[in-house]
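Colleague:
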């Protein structure tokens with residue numbers, strides 16, 4: 001077994017070899033570099049080397065079934081091998097998903113490169129909606145113009161888009177309605193995800209919304225009836241509302257016990273995502289160790 005880039009991490013109680021991966025999607029932290037300084041970041045460490053792309057592909061090749069491979073960061077669009085990874089993941093018949101703050105996607109040429117490589121699914125962080133004041137309060141910079149331009153570029157290039165908002169008490173609740181209405185208007189937007197603040201990594205000092213609060217906020221700002229909600233077996237932390245092709249999902253962090261998402265750990269195993277993040281306090285146990293294979 002090899003250790004990616006010499007990193008070590010604390011394992012969770014559930015550890016799976018790639019051949020035994022039970023998760024529908026696996027999250028891969030490609031890089032810890034970022035072009036923003038968001039107040040809420042589950043991996044705030046910036047001095048960790050990038051993931052080796054061929055090491056990642058060697059793990060993914062061993063998955064027993066077709067998997068959603070979630071390419072994340074910090075900010076994955078800063079990862080120099082992104083288009084190569086997308087192309088190879090498609091060749092291996094997996095589904096690459098990009099989770100991004102979207103700043104680089106304001107460049108239509110970069111969006112075209114990703115499309116040509118075979119990327120179809122993008123999760124775009126949209127915390128401030130269309131309001132720079134909200135972005136400055138949550139993400140430390142006025143980003144509305146670039147976020148909207150990124151969304152327009154993705155739509156023009158026929159991507160499937162998920163918009164994600166971390167709802168912070170007293171700051172961006174008023175943006176739920178405008179973002180929901182835009183999502184209804186644009187067929188390429190398939191999901192709107194509303195989350196509470198996660199108390200892990202770097203986070204704002206606030207009282208996070210509970211799931212019941214998020215449901216009520218969505219009802220208040222969208223005008224949609226609460227009895228249209230569809231809850232799941234994990235209903236204590238997740239609920240959904242469907243309007244035709246658009247799904248609105250409300251999530252209370254952390255999603256402990258979720259069987260949907262795994263995380264590729266530095267030792268090459270697959271572990272439950274949220275449990276692994278919590279076990280490593282937002283980063284990795286040894287931060288940076290010497291680059292050497294494990295026995």
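Residue numbers (my numbering): 1 to 295.
Glycine is no exception: its CB is placed at the ideal position from the N, C-alpha and C atoms.
(1) Please determine if the segment 195-204 and the segment 218-227 are in contact, where contact requires at least 3 C-beta pairs separated by less than 8 Å.
(2) Give me the Cα-Cα distance between residue 235 and residue 63, rounded to the nearest whole angstrom.
(3) I'd like the list of long-range same chain contacts for residue 80, defined as Cβ closer than 8 Å, with 5 residues on each side in sequence excluded.
(4) Span of the beta strand (DSSP E) holding residue 48?
(5) Going by DSSP, what residues sit across from residue 38 in a beta bridge?
(6) Just to check my reading of the structure: residue 102 and residue 147 have Cβ atoms closer than 8 Å, yes? What is that Cβ distance to the nearest angstrom?
(7) Could you tell me which whole alpha helix (DSSP H) segments of length 4 or greater appear in the segment 10-92?
(8) Measuring CB to CB, does residue 75 end up less than 8 Å from residue 33?
(9) Excluding sequence positions up to five away, which residues of its chain have a Cβ less than 7 Å from the Cβ of residue 126?
(10) Taking the DSSP output, what are the residues bridged to residue 342?
(11) With respect to the beta strand (DSSP E) encompassing residue 123, which residues constitute its N-terminal and C-terminal limits?
(12) Consult DSSP for residue 223 and reduce its assignment to one of helix, strand or coil.
(13) Touching or not, the segment 114-122 and the segment 9-26, by the rule of three or more beta carbon pairs under 8 Å?
(14) Pull up the distance between the alpha-carbon of residue 214 and that of residue 161, whole angstroms please.
(15) Alpha carbon to alpha carbon, how far is residue 71 from residue 29? Give it in angstroms, no decimals.
(16) List the residues that DSSP assigns as beta-bridge partners of residue 100.
(17) By the 10 Å Cβ neighbour count, where 16 or more other Cβ atoms means buried, how is residue 245 classified, buried or exposed?
(18) Spell out the partners DSSP gives residue 161 in its beta bridges.
(19) According to the neighbour-count rule (16 or more other Cβ atoms, all chains shown, within 10 Å of its Cβ), is residue 275 buried or exposed?
(20) Whole-angstrom Cβ separation of residue 12 and residue 272, contact assumed at under 8 Å?
Modeller: By the coordinates alone:
(1) Counting C-beta pairs with one atom in each stretch, the segment 195-204 and the segment 218-227 have fewer than three that are closer than 8 Å, which means they do not touch.
(2) Numbered from 1 along the chain shown, position 235 holds the residue referred to as residue 235. Numbered from 1 along the chain shown, position 63 holds the residue referred to as residue 63. Reliability of the predicted coordinates at residue 235 is poor, the pLDDT of 42 falling under 50, and the value obtained from them is presented with this limitation in mind. Roughly 29 Å separates the two Cα atoms.
(3) Here residue 80 corresponds to residue number 80 of the chain shown, with the count starting at 1. Result list for residue 80: 50, in chain order.
(4) Locating residue 48 in the chain shown gives position 48, where the first residue counts as 1. Residue 48: not part of any beta strand (DSSP E); DSSP gives it neither H nor E.
(5) As a first step, residue 38 must be located in the chain shown, where it is residue number 38. Residue pairing by DSSP leaves residue 38 without any beta bridge partner.
(6) Against the chain shown, residue 102 aligns to sequence position 102. Against the chain shown, residue 147 aligns to sequence position 147. 5 Å between Cβ atoms; contact.
(7) Correct list: 53-60 and 82-91.
(8) By 1-based counting over the chain shown, the position of residue 75 is 75. By 1-based counting over the chain shown, the position of residue 33 is 33. Less than 8 Å separates the beta-carbon of residue 75 from that of residue 33.
(9) For the purposes of this step, residue 126 is taken as the residue at position 126 of the chain shown. Closer than 7 Å at Cβ, skipping near neighbours: 147, 163, 164, 165 and 179.
(10) Only positions 1 to 295 of the chain appear in the structure, and residue 342 is not among them; the question remains open.
(11) Walking along the chain shown from the start, residue 123 turns up at place 123. Per DSSP, residue 123 belongs to the beta strand (DSSP E) from 121-125.
(12) By 1-based counting over the chain shown, the position of residue 223 is 223. It is coil, neither helix nor strand.
(13) Of all C-beta pairs linking the segment 114-122 to the segment 9-26, fewer than three are shorter than 8 Å, placing the two stretches out of contact.
(14) Here residue 214 corresponds to residue number 214 of the chain shown, with the count starting at 1. Here residue 161 corresponds to residue number 161 of the chain shown, with the count starting at 1. The straight-line gap from Cα to Cα measures roughly 21 Å.
(15) Position 29 of the chain shown, counted from the first residue, corresponds to residue 29. Position 71 of the chain shown, counted from the first residue, corresponds to residue 71. Rounded to whole angstroms, residue 29 to residue 71 spans 7 Å at the Cα level.
(16) For the purposes of this step, residue 100 is taken as the residue at position 100 of the chain shown. 124.
(17) In the chain shown, residue 245 corresponds to position 245, counting from 1. Of the residues assessed, residue 245 falls on the exposed side of the cut-off, its CB having fewer than 16 other CB atoms within 10 angstroms.
(18) Your numbering for residue 161 matches position 161 in the chain shown. Answer is 122 and 189, bridged to residue 161.
(19) Numbered from its first residue, the chain shown carries residue 275 at position 275. So residue 275 counts as buried.
(20) Residue mapping note: residue 12 aligns to position 12 of the chain shown, counting from 1. Residue mapping note: residue 272 aligns to position 272 of the chain shown, counting from 1. Yes, residue 12 and residue 272 are in contact; Cβ-Cβ is about 6 Å, under 8 Å.
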